[in-house]
Structures are given as C-alpha cells and as structure tokens.
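> Each residue of the sequence shown is one higher than the one before, starting from 509 at the first, in the working numbering. I'd like to ask some things about the structure below.
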Amino acid sequence: MSVAACGSGGGSGSSGGGGDSGGGGDSITMGFSQVGAESGWRTANTKSVQDSAKNAGVTLKFSDAQQKQENQIKAIRSYIQQKVDIIAFSPVVESGWDTVLKEAKGANIPVILTDRAVDSQDTSLYKTFLGSDFIEEGKKAGQWLVEEYKDGTDPVNIVELQGTTGSAPANDRKAGFAEVIGADPKFKVVASQTGDFTRAKGKEVMEAFLKSTPDIDVLYAHNDDMGLGAIEAIEGAGKVPGQDIKIITVDAVKDGMQALADGKINYIVECSPLLGPQLMDLAKKVLNGEQVPPRVVTEETTFTQEQAKQVLSTRQY
Ligand code: AHR
C-alpha cells in the first residue's frame, strides 16, 4: 500500500467530522483509499480525484491498495487515527466492510463510497454512493448482442472475462448481461472466468479459452483492458478480433476506443472514471451538514465503431 498527500487547504473552518478542520471548502482533509492501478480506467479515476482535490482546495491523503481489501482496511484505519475530516473509498470487493465502517462512524468521520458499492445492510455507515450503474452497463452490453444476432437462429457461443472476483462491477456486469441474453436460449455463455480487470490476465485467460473452447463467437469483457489483452491472444491464435470473434467491452478509455475505431472491438459500454469533481462537491456538502442523495448515478453512454471514430480525438482519458 502506498500513501501520499496532495492538494491544499486554506484557513480554518467549523468542525466537519473527526478532524479539527471543517466543511464548506475551508481546509478539508480527505482520506481516499483507491483500489489500485489495475486499468486505464483506474489511472484516469485517480487523476480525476487528485486534480479535483487540488481545484477544490481539499487536502487529499491518497493510498493505493493494490487490489487488496486488507490494504484498504489498513488505510481507512490510518485515516481514522489521523482524524481526517472525511473518508472516501472505492471498495475493491463488496463484502466485509461493516467493522471498519462502524469504526469510522464511531469516530464521527463521514464516509463516501465512490465507484463501487458495499453490501452492508446498514446504510447509515456511509453518507452516499457516487458511481455508475453496473447492472445497467451489463444490460447495455447484452442489448447490443441481442440486436446484432436478431436475425440468426444458430447458437451464439460467448466467453466472458469477468472483473475482480467479488467486486461490484464484476457481479453486476455479469448479472445485467445474463438477464438480457437469458431471454433467448441461442445465447450460451460457454466459459466465464476472472481476468482481474488487467490486460495481462485478460490475455492469459483468453489464451486458455481459445485452447479449451472451440467455436467462440463472442467475447464479453468486463473492461477494456481485459479486452485489449484478449485481442493479443486472439491475434496470436491467428484469428481476427472484431470479425472471427466479436468483442464487447466496458469503460471506453482511449486505448479501448482506438481498438473500437480500428474494428478490433465491436461495441463499448461507457463507464466514466471522472468522478472527482462530484466527489469533492458531495464531500463539502456532507461536511456543511447539507442533505445529499443516498445514491448519485454517473451519466454514461455507449459507442459503436463509427461513433468511436468521431469522438476519439476529443476523448479525455
Ligand atoms: O470499478 C470500475 C472498474 O474498475 C472499471 O470498469 C475497471 O476498468 C476498473 O478496474
């Protein structure tokens, strides 16, 4: 786990949480526990949070958990000890957070969930959850597939590269997709395994799929990075990605959009990493004692190959 502080605070303010500095933009200190640096999406998300903290005058204590829940729990406990004003984190997996969240609540430090959800029954343990609707993302992926194969009756063999096991995006993108394609028995998920949201693992698992599973028609990858790794495996096996095997991914980071424009990916469901400005806004409101909605859903779209060509040059991340 690496920890770093950045951003700046100015002046003093009313007490916001467990710290001696307060809300309203006056000298807020936020402890932020990031999942890791597993993907292009994550890199863009980290930059968004760090840049927005600077712009908002928030002192950010940032830690990278390297995709390990134990590191996130350690980081949150350290933020509690340091008496930060507010804690924000993107939980690597959904379960197992109640104890540490109760410790934060006991110390009177508000918590904001960003990007990923927790499965805690006690929703008083956090103030709000800012991020995408991952089930909807999975449904959008499934809807494209249903439309693409609407005229065929032959079986469609799908392999799935799941995100990190136990994470909200892996659980929900799988469920949303399964719900939509489940309405037509010609769609068959013939293999489904985690690629941990990384390019290297995406390549490795796709190589195994190609050896063990004949006649793959479609790859559904829960993020661009795994899809990009899988493209290397598909090309390595002498097949043409986007043609021999149709590919759907999620995120729409620049490398993914480039592959979409190049015809190697067929469809991308957007998941925006630019959560920083809304996060800083919500943090200030919480520390000012203002009401915030319990759930803030990120606005997102989808991209075809033609649409990717049009927006590629202006893509921010
Ligand atoms: O939680 C968001 C997901 O995490 C992104 O889709 C993926 O790329 C990242 O690793």
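Glycine residues also receive a C-beta, built at the ideal position from the N, C-alpha and C atoms.
Is the Cβ-Cβ distance between isoleucine 776 and aspartate 733 less than 8 Å?
Here residue 776 refers to the residue found at position 268 when the sequence shown is read from its first residue. Here residue 733 refers to the residue found at position 225 when the sequence shown is read from its first residue. Cβ distance not < 8 Å, so isoleucine 776 and aspartate 733 don't count as in contact.
> When the distance is taken between beta carbons, is lysine 694 closer than 8 Å to proline 722?
The residue given as residue 722 occupies position 214 in the sequence shown. The residue given as residue 694 occupies position 186 in the sequence shown. Against a cut-off of 8 Å, the Cβ pair of lysine 694 and proline 722 comes out as no contact.
> Buried or exposed for glutamine 799, please, with buried defined as at least 16 other CB atoms from any protein chain shown within 10 angstroms of its CB.
In the sequence shown, residue 799 corresponds to position 291, counting from 1. The residue in question, glutamine 799, is exposed, as its Cβ has fewer than 16 Cβ neighbours within 10 Å.
> With a cut-off of 8 Å on the beta carbons, I'd call leucine 638 and glutamine 751 a contact; round off their distance for me.
Translated into positions along the sequence shown, residue 638 becomes position 130. Translated into positions along the sequence shown, residue 751 becomes position 243. Contact doesn't hold; Cβ gap of about 38 Å is too wide.
> Cβ of phenylalanine 637 versus every heavy atom of the ligand AHR: is any distance shorter than 7 Å?
As a first step, residue 637 must be located in the sequence shown, where it is residue number 129. Result no, Cβ not under 7 Å from the ligand AHR.
> Output the boundary residues of the beta strand (DSSP E) element that contains leucine 621.
Taking the sequence shown and counting its residues from 1, one reaches residue 621 at position 113. Counting along the chain, the beta strand (DSSP E) containing leucine 621 begins and ends at 619 to 622.
> Please confirm whether leucine 653 and valine 557 have their CB atoms less than 8 Å apart.
What you label residue 653 is simply residue 145 of the sequence shown in a count that begins at 1. What you label residue 557 is simply residue 49 of the sequence shown in a count that begins at 1. For leucine 653 and valine 557, no; Cβs fall outside 8 Å.
> Suppose only complete runs of 4+ residues qualify. What are the alpha helix (DSSP H) ranges in the region 714 to 790, listed by chain order?
Complete alpha helix (DSSP H) runs here, min 4: 732 to 744, 762 to 769.
> For the alpha helix (DSSP H) containing glutamine 815, list its first residue and its last residue.
Translated into positions along the sequence shown, residue 815 becomes position 307. Run containing glutamine 815: 813 to 819, per the alpha helix (DSSP H) assignment.
> Give the DSSP-derived three-state secondary structure of glycine 531 in the structure shown.
Position 23 of the sequence shown holds residue 531. The predicted position of glycine 531 is uncertain, since its pLDDT is 42 and thus under 50; a value taken from the coordinates is nonetheless stated next. Residue state, collapsed to three classes: coil.
> Under 8 Å, do glycine 737 and glycine 771 count as touching if we go by C-beta distance?
Translated into the one-based positions of the sequence shown, residue 737 becomes position 229. Translated into the one-based positions of the sequence shown, residue 771 becomes position 263. It is not a contact, given that the beta carbons lie outside the stated cut-off.
> Nearest to alanine 741 by CA position, among Ala769, Thr757, Arg707, is which residue?
Position 233 of the sequence shown, counting from 1, holds the residue named residue 741. Selected option, being the one with the closest Cα: Arg707.
> Output the distance between the C-alpha atoms of glycine 650 and isoleucine 689, rounded to the nearest integer angstrom.
To locate residue 650, count along the sequence shown from 1; it is residue 142. To locate residue 689, count along the sequence shown from 1; it is residue 181. Glycine 650 and isoleucine 689: Cα-Cα distance of roughly 6 Å.
> Could you give the C-beta distance for valine 761 and alanine 552, rounded to a whole number, given that I count them as a contact under 8 Å?
Here residue 761 is taken as the residue at index 253 of the sequence shown, counted from 1. Here residue 552 is taken as the residue at index 44 of the sequence shown, counted from 1. About 6 Å separates the two Cβ atoms, so the contact holds.
> If you follow the beta strand (DSSP E) that lysine 696 is in, where does it begin and where does it stop?
Mapped onto the sequence shown, residue 696 falls at position 188. First-last of the beta strand (DSSP E) with lysine 696: 695 to 702.
> From this set, Glu611, Glu814, Lys719, which residue's C-alpha is nearest isoleucine 584's C-alpha?
Locating residue 584 in the sequence shown gives position 76, counting from the first residue. When each option's Cα is compared against that of isoleucine 584, the closest is Glu611.
> Closest to glutamine 813 by CA distance: which of Met765, Gln629, Lys711, Ala564 is it?
Looking up residue 813 in the sequence shown gives position 305. If we check each option's Cα against that of glutamine 813, Met765 comes out closest.
> Quick one: what's got a C-beta closer than 7 Å to tyrosine 728's C-beta in the same chain, skipping five residues either side?
By 1-based counting over the sequence shown, the position of residue 728 is 220. Within the same chain, tyrosine 728 has close Cβ partners Ala649, Ile666, Glu668, Phe685, Ile756.
> Please report how far the alpha carbon of glycine 548 lies from the alpha carbon of lysine 555, in whole angstroms.
As a first step, residue 548 must be located in the sequence shown, where it is residue number 40. As a first step, residue 555 must be located in the sequence shown, where it is residue number 47. When rounded, the distance between both Cα atoms is 11 Å.
> Would you say serine 603 and cysteine 779 are within 8 Å of each other, going by their C-beta atoms?
By 1-based counting over the sequence shown, the position of residue 603 is 95. By 1-based counting over the sequence shown, the position of residue 779 is 271. Not closer than 8 Å, so no.
> On the three-state DSSP scale, how would you describe glycine 671?
Locating residue 671 in the sequence shown gives position 163, counting from the first residue. Looking at glycine 671 - three-state DSSP - the assignment turns out to be coil, as it is neither helix nor strand.
> Applying the criterion that 16 or more other CB atoms from any shown protein chain within 10 Å of the CB defines a buried residue, is lysine 658 buried or exposed?
Within the sequence shown, the letter at position 150 stands for residue 658. Classification of lysine 658: exposed, given that the 10 Å Cβ count is below 16.
> May I have the straight-line CA-CA distance separating glutamine 824 from proline 781, to the nearest angstrom?
For the purposes of this step, residue 824 is identified with residue 316 of the sequence shown, where counting begins at 1. For the purposes of this step, residue 781 is identified with residue 273 of the sequence shown, where counting begins at 1. Rounded to whole angstroms, glutamine 824 to proline 781 spans 10 Å at the Cα level.
> Consider the C-beta atom of glycine 671 and the heavy atoms of the ligand AHR; say whether any pair is separated by less than 7 Å.
Working through the sequence shown from its first residue, we reach residue 671 at position 163. At least one heavy atom of the ligand AHR is nearer than 7 Å to the Cβ of glycine 671, so yes.
> Do isoleucine 753 and isoleucine 773 have their CB atoms nearer than 8 Å?
The residue given as residue 753 occupies position 245 in the sequence shown. The residue given as residue 773 occupies position 265 in the sequence shown. Their beta carbons are not under 8 Å apart, which means isoleucine 753 does not touch isoleucine 773 by this criterion.
> Mind reading off the beta-carbon distance from glutamine 575 to threonine 672? Whole number of angstroms is fine, and I expect it under 8 Å.
As a working mapping, residue 575 is identified with position 67 in the sequence shown. As a working mapping, residue 672 is identified with position 164 in the sequence shown. At roughly 6 Å, the Cβ-Cβ gap stays under 8 Å, so glutamine 575 and threonine 672 are in contact.
> CA-CA distance, threonine 622 and arginine 550?
Against the sequence shown, residue 622 aligns to sequence position 114. Against the sequence shown, residue 550 aligns to sequence position 42. So the two alpha carbons sit approximately 12 Å from each other.
> Tell me, to the nearest whole angstrom, how far the beta carbon of phenylalanine 540 is from that of alanine 596; I am working on the premise that it is less than 8 Å.
Reading the sequence shown from its first residue, position 32 is the one you call residue 540. Reading the sequence shown from its first residue, position 88 is the one you call residue 596. Phenylalanine 540 to alanine 596, Cβ: 5 Å. Contact.
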